[in-house]
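K.L.:
Handing you this structure, nothing more for now.
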Amino acid sequence: MPIKVKSKPDLSPKRIRKFVKPFLVPPGAKVRLPNDFDPASTGGYNREDGAGAQQILQAGITLLADYQARLAAQSTHGVLVILQAMDAAGKDGTIRHVMSGVNPQGVDVSGFKVPSADELAHDYLWRYQAKIPARGRIGIFNRSYYEEVLVVRVHPQLLETQKLPDGAAGQEGARDGIWQRRFREINNYERYLSDNGVRIVKLFLNLSREAQRERFVSRIDQPSKNWKFTASDVRERAFWDAYQAAFSDVLSNTSTKWAPWYVVPADNKWFSRLVAAAAIGNALLDIDPDYPTASSETKASLETARRELEAESRGGKRQGKTKNGKKKAGGR
Ligand code: AMP
Ligand code: MG
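The sequence shown lines up with residues 127 to 458 when you count with my numbering.
See the structure below:
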């Protein structure tokens, strides 16, 4: 089914909700990657309609910009967008494209790398909490506390660096307990955030193993992309199946009513950006922020200010005439 190019794409809340639905993980669903979600999916749209997709993406970007301005004016909700993915899935490009129309002053992007000694000396949510967006702002997490149940799970020796007290890292031989506990803690934490005005949108950019291989090769082939590639990227790729299993467990255990996961097909960049924009747009449409209307008192004081400004302008003209000599020159 090709994307229908209308003069104005349909971006009604109903249409957007319908568009993103196939990519949502229903709370409680058991997800098995790679079978349950196709990384190459384009939602039935085809590539030749790239221009149509581009038009919808542009309209979506404009919608995000408009709603971000309202979000800032209303200042009751923050929006937290979490991006998780394998390397080369397009996290950076998604941020760049989807947020391109939004006022940079209203958006904070936080990237999370291997934790520092100071960060490891705190509980594992500490460094993320510091970057939760304020009311009126959009915060984007390029990686997040989900690394604590992804990279740390795939490489459990990282747990040793976290200095957990005896027992808190899970008993020897029953280590799985810690991941279930962290899922519970993360769900509770996200519930707390959402109850307090932080709307959470979680995007898993679902890349296929073959597409990652191709993107790595192109990072090696193109000198301008060399900086994006390190030998450790290939070492991590060797753990592909372990990551797929860890992501499957994350999606199965942490997609909730208050903080749902979207599985964004990531093999085709044009389509993954469209889904990402729609998922964020869906959250903003749901909040439906608006410019606050002035109270009658505020309106009265605005009128007073207007009268003062207008009186100043009349005075200014008189002064101007005297100053530039028009009156003298033109007068008798
Ligand atoms: P990149 O985002 O490609 O620059 O890489 C950042 C690296 O930091 C990735 O290899 C992540 O797996 C790693 N990383 C991020 N968060 C954590 C964490 N909480 N514990 C350990 N490694 C992490
Ligand atoms: Mg990397």
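The beta-carbon is built from N, C-alpha and C at its ideal position, and this holds for glycine as well.
Treat the numbers as computed from the prediction; the structure is a model and nothing was measured.
Suppose the cutoff is 7 Å on Cβ atoms and the five residues either side in sequence are ignored; what does the same chain contact list for N379 look like?
P.N.:
Excluding residues within five positions, the ones whose Cβ falls inside 7 Å are F309.
K.L.:
Determine the direct distance from the alpha carbon of R325 to that of L319, and round the result to whole angstroms.
P.N.:
Those two C-alpha atoms are separated by around 8 Å.
K.L.:
Are I459 and L410 close, meaning C-beta to C-beta below 8 Å?
P.N.:
It is not possible to answer for residue 459, since the shown part of the chain is limited to 127 through 458.
K.L.:
For R440, name the three-state secondary structure that DSSP assigns.
P.N.:
Residue state, collapsed to three classes: helix.
K.L.:
Assign W503 to one of two classes, buried (16 or more other C-beta atoms within 10 Å of its C-beta) or exposed (fewer than that).
P.N.:
The requested residue 503 is not part of the displayed model; the chain covers only 127 to 458.
K.L.:
Could you spell out where the alpha helix (DSSP H) holding N408 opens and where it closes?
P.N.:
Note, N408: alpha helix (DSSP H), K395 to I413.
K.L.:
Going straight from the alpha carbon of S398 to that of T220, what length do you get?
P.N.:
Roughly 8 Å separates the two Cα atoms.
K.L.:
Please name the residue or residues paired with F238 in a DSSP beta bridge.
P.N.:
Answer is none; F238 lacks a bridge partner.
K.L.:
With respect to the beta strand (DSSP E) encompassing G204, which residues constitute its N-terminal and C-terminal limits?
P.N.:
G204 to A211 is the extent of the beta strand (DSSP E) around G204.
K.L.:
According to DSSP, is I258 part of a helix, a strand, or is it coil?
P.N.:
I258: coil per DSSP, three-state reduction.
K.L.:
V151 lies in the alpha helix (DSSP H); which residues open and close that run?
P.N.:
Element bounds for V151: n/a, residue is neither H nor E.
K.L.:
Have a look at T356, K257, T188 and A166 and flag the residue whose alpha-carbon is nearest the alpha-carbon of A337.
P.N.:
Minimum Cα distance to A337 is reached at A166.
K.L.:
Could you tell me the distance, in whole angstroms, from the CA atom of A278 to the CA atom of L285?
P.N.:
In the sequence on display, residue 278 carries Val and not Ala. If I take the Cα positions, the gap works out to 6 Å.
K.L.:
Which word fits E436, buried or exposed, when buried means at least 16 other C-beta atoms lie within 10 angstroms of its C-beta?
P.N.:
Label assigned to E436: exposed.
K.L.:
When the Cα of F149 is compared with those of L137, G169 and A247, which residue comes out closest?
P.N.:
When only C-alpha atoms are compared, the closest one is G169.
K.L.:
Report the residue from P391, E434, S421 and P418 whose alpha carbon sits nearest the alpha carbon of D164.
P.N.:
Closest option to D164, Cα to Cα, is P391.
K.L.:
Got a sec: does the ligand AMP put a non-hydrogen atom nearer than 7 Å to the Cβ of D393?
P.N.:
The answer is no for D393.
K.L.:
Mapping DSSP to helix, strand and coil, what is E298?
P.N.:
Legend: pLDDT at E298 = 49, less than 50; position of this residue unreliable, no value from coordinates given.
K.L.:
Which first and last residues belong to the beta strand (DSSP E) in which V324 is found?
P.N.:
Note, V324: beta strand (DSSP E), V324 to N332.
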